[in-house]
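Residue numbers (the working numbering), protein chains in the order written: chain A, 695 to 989; chain B, 1404 to 1843.
Shown next as structure tokens:
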């Protein structure tokens, strides 16, 4: 068996299907994208090669591209610094509650994740509606009418409104991953710490959070990738508007390709998009270098 | 009968049965293969997903009647909303799998690249000589003197209004811009949205801006000339129109968060009688006969000219009108002749124009006045009067008159203007910048 598996031809044969799929499904489209990014192709007729013109234009003059990237990064930060601490707190809460309540809460928090994005987006558009939306109605009821806004229709509030929807939609996933991580920490560690005199918050800061580090890292990585790729919710709520106030990279790319007939330009954006994703992830991995705890 | 004779009779009968059955089999096969050969599948891409009212109903009626008259023809309809339609269309173009017959907007920003690249089949002018199309209506469906599409409608902008709400709050139907601003204030005070508009879709805002330019200048060509000559930023009339638009926003002229409202949301607001006015095109003529709308709404819906501006040179009869939507046949279709037959069948004046008009579903692109019966809805009568009294018409609207990217960017700038993300001065400066990049 060992001889067979160490035979180079066998290795090649076993690797080949995966390699072919990778080449044709990932590598080839990326190379094609780089090439198309160097053309002025409208998607109709033949492409003209124009070198790095599109890239120069995007980097030096396209303010919407930079705004879209900034918005994606803001969403990533919102996931990491707002959604995740809350999700972790709720995961700990659910874990502690136990019994039937644990199952009920787990299901309730996960509901938004199983509803199609199109449904939740439409629901939020209704909630945000300034005339009949629940949010303004609640503010009125609480005598906080001065806080009422034209949520999705105002350049000042559109982005934050979209970010809130995205955080709400992804909350269940973040919570579920933390919850699974918590379930993997042996109860004995807490018991030992209690015997040593540790109590309350200290138990979480000294045991839970350090031991959850690999889980937190995975969760953060998923959140950042999801933020950079954000498209559906934006398209279904504001389509990047008003103007480009709530524009995100994937949606912007889509508009350039399908509304502006700038297929070449959109491909150039997609190449820069991939580079941005890789750069953010490399940066993130460096920041998040951690010791591995074993238990 | 002797044994021998019986054998002969049985043999003859068997042979006869064999011959008959073989003959029958061959005959059956021939018939089957003939009918297989004759079955024609036509793929039809439409932007009218509602098949029960307005243009969608008419389109489906004609498709059904064509299939009934031609049992060997099977028409597969794929109908999407405007924006998804544009994207799906683009995918078909990119993969070179065009549907046999497809809807097109007769605007340079949409149809010109399609005609230039040879995706649409030529329609000989002889074929439609009795169809009642005016040459002007075919202009944007032509390239290099050849015709590639047929318009289905006469599109023009009007201000729809709800008579009931105007009476209830004792507001005069506005004939001037100042009256429109005052009406807006009254309706807003009473919790009614003054004008319902679909600002999320952006194109309507650009059209409204052009409407204001025309009412300020009285010159239909001004906006096109300014863009072509790239001299936009310092044009005082264009600036005044931009300020008018912002002024209308400032008095609360549109529903709250109108920049986030799509077509359906704006239309529903007006149809549910929660908005007093609705700025939209003549293609909404079917509202007065739409079974989905309340009787109260249908009784109250009416239309008028967009108001003139005091001090402006435009007349109320200077209207924005064009022939936008239409159909084309794919040049690479395997059933090109059959698809062309279907197109000519549908657009025959006794069908699209006559049936569509008489059922109150469309304002056709062909002459419809000869089909008037006197039983028209209020909207039909009013729209006919508005269009027939027009003293000037715009043709393709400004944002559609140049490149697709000009359209996208100009519409976004209009949305930024009404969302007050940019000033009117900055708006014009940006449009000029855009014109320099996009208009050759």
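Cβ atoms here follow ideal geometry from the backbone N, Cα and C, with glycine treated the same way.
Item: Sub-7 Å separation of residue 1692 (chain B) and residue 1590 (chain B) beta-carbons; Value: no
Item: Where the beta strand (DSSP E) containing residue 1565 (chain B) begins and where it ends; Value: 1558-1565
Item: Contact set between the stretch 937-969 of chain A and chain B, restricted to residues whose Cβ is under 9 Å from the partner; Value: 937, 938, 939, 948, 949, 950, 951, 952, 953, 954, 955, 956, 957, 959
Item: Validate contact between the stretch 915-931 of chain A and the stretch 1764-1771 of chain B using beta carbons, cut 8 Å, 3 pairs; Value: no
Item: Proximal chain A residues relative to residue 1489 (chain B), where beta-carbon distance stays under 9 Å; Value: 952, 953
Item: Inter-stretch contact (C-beta, 8 Å, three-pair minimum) for the stretch 1746-1754 of chain B and the stretch 1570-1582 of chain B; Value: no
Item: Cβ of residue 894 (chain A) within 7 Å of any chain B Cβ; Value: no
Item: Minimum Cβ-Cβ distance from residue 846 (chain A) to chain B less than 7 Å; Value: yes
Item: Those residues which DSSP pairs with residue 1732 (chain B) across a bridge; Value: B:1504
Item: Neighbour-count burial assignment, residue 1824 (chain B), 16 or more Cβ in a 10 Å radius; Value: buried
Item: Min CB distance residue 1808 (chain B) to chain A below 7 Å; Value: yes
Item: Close Cβ partners of residue 745 (chain A) (< 7 Å) along its chain, the five nearest in sequence each way excluded; Value: 732
Item: Short-range partners of chain A found in the stretch 1817-1838 of chain B, where Cβ spacing is below 7 Å; Value: 1818, 1819, 1822, 1824
Item: Where the stretch 724-741 of chain A meets chain B: residues whose CB sits under 7 Å from a CB there; Value: 736, 737, 738, 739
Item: Beta carbon of residue 699 (chain A) nearer than 7 Å to that of residue 961 (chain A); Value: no
Item: Members of the stretch 1492-1522 of chain B near chain A, C-beta cut-off 8 Å; Value: 1493, 1496, 1497, 1516, 1517, 1519, 1520, 1522
Item: Beta-bridge pairing of residue 711 (chain A) - partner residues as DSSP gives them; Value: DSSP lists no partner for residue 711 (chain A).
Item: Outcome for residue 1596 (chain B) when other beta-carbon atoms lying within 10 angstroms are tallied against a minimum of 16; Value: buried
Item: Integer-rounded CB distance, given that residue 896 (chain A) should sit under 8 Å from residue 982 (chain A); Value: 23 Å between Cβ atoms; not a contact.
Item: Rounded distance between the beta-carbons of residue 963 (chain A) and residue 743 (chain A), thought under 8 Å; Value: In fact, because the Cβ distance is near 18 Å, the residues do not count as touching under 8 Å.
Item: For residue 1845 (chain B), three-class secondary structure by DSSP; Value: It is not possible to answer for residue 1845 (chain B), since the shown part of chain B is limited to 1404 through 1843.
Item: Residue 1801 (chain B) in three-state terms, based on DSSP; Value: helix
Item: Cβ neighbour criterion (16 or more within 10 Å) applied to residue 1603 (chain B); Value: buried
Item: For residue 1822 (chain B), three-class secondary structure by DSSP; Value: coil
Item: Cβ-Cβ distance between residue 1706 (chain B) and residue 1785 (chain B) below 7 Å; Value: yes
Item: For residue 1711 (chain B), the residue or residues it bridges with in DSSP; Value: B:1579
Item: Residues from the stretch 915-930 of chain A in contact with chain B, defined by Cβ distance under 9 Å; Value: none
Item: C-alpha distance - residue 1441 (chain B) paired with residue 1822 (chain B), whole-angstrom precision; Value: 57 Å
Item: Cβ pair count under 8 Å reaching 3, the stretch 799-807 of chain A against the stretch 1656-1665 of chain B; Value: no
Item: Assumed close pair residue 1503 (chain B), residue 1445 (chain B) - CB separation to whole angstroms, cut-off 8 Å; Value: 5 Å
Item: Beta carbon proximity, residue 1636 (chain B) to chain A, threshold 7 Å; Value: no
Item: Which listed residue (B:1540, B:1841, B:1639, B:1731) has its alpha carbon closest to that of residue 1907 (chain B); Value: As displayed, chain B neither begins before 1404 nor continues past 1843, which places residue 1907 (chain B) out of reach and without an answer.
Item: Alpha helix (DSSP H) segment containing residue 769 (chain A), residue limits; Value: 757-772
Item: For residue 1681 (chain B), the three-state DSSP class (helix, strand or coil); Value: strand
Item: Contact between the stretch 1682-1700 of chain B and the stretch 1579-1586 of chain B (3+ Cβ pairs under 8 Å); Value: no
Item: Residue from B:1652, B:1703, B:1722 with nearest C-alpha to residue 1685 (chain B); Value: B:1722
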